[in-house]
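Undergrad:
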Amino acid sequence: SIVGEFVGSKAGLGNLILEANFQFDVARIFAVLVVLGVFGVVLSLIMRMAQSHFLFWNKSLS
95 SIVGEFVGSK AGLGNLILEA NFQFDVARIF AVLVVLGVFG VVLSLIMRMA QSHFLFWNKS
155 LS
């Protein structure tokens, strides 16, 4: 969805990266990338917890 915001949106994190890129605002680009990274880690943890809760019979051996 971030890539879609590069092309067709006037709002969102993708557009913020694109505008910061045009203005050579490296600090803002890194800030958005950190936010996206944290968001990805949090979503991954939520999905792992949901998987272990709802698919308790499908435990991994590792």
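Read left to right, the sequence shown gives residues 95 to 156 (my numbering).
No residue lacks a Cβ here, since even glycine has one placed at the ideal position from N, Cα and C.
Counting Cβ pairs closer than 8 Å, one from the segment 100 to 112 and one from the segment 122 to 137, do we hit at least three?
TA: Yes, the segment 100 to 112 touches the segment 122 to 137.
Undergrad: Where does residue 111 land, buried or exposed, given buried means 16+ other C-beta within 10 angstroms?
TA: Buried is the call here.
Undergrad: Work out the CA separation of residue 125 and residue 115 for me, nearest whole Å.
TA: Their backbone Cα atoms lie some 12 Å apart in a straight line.
Undergrad: Got a sec? Which residues, its chain only, sit under 6 Å from residue 122 by beta carbon, not counting five neighbours each side?
TA: These residues qualify, in order along the chain: 114.
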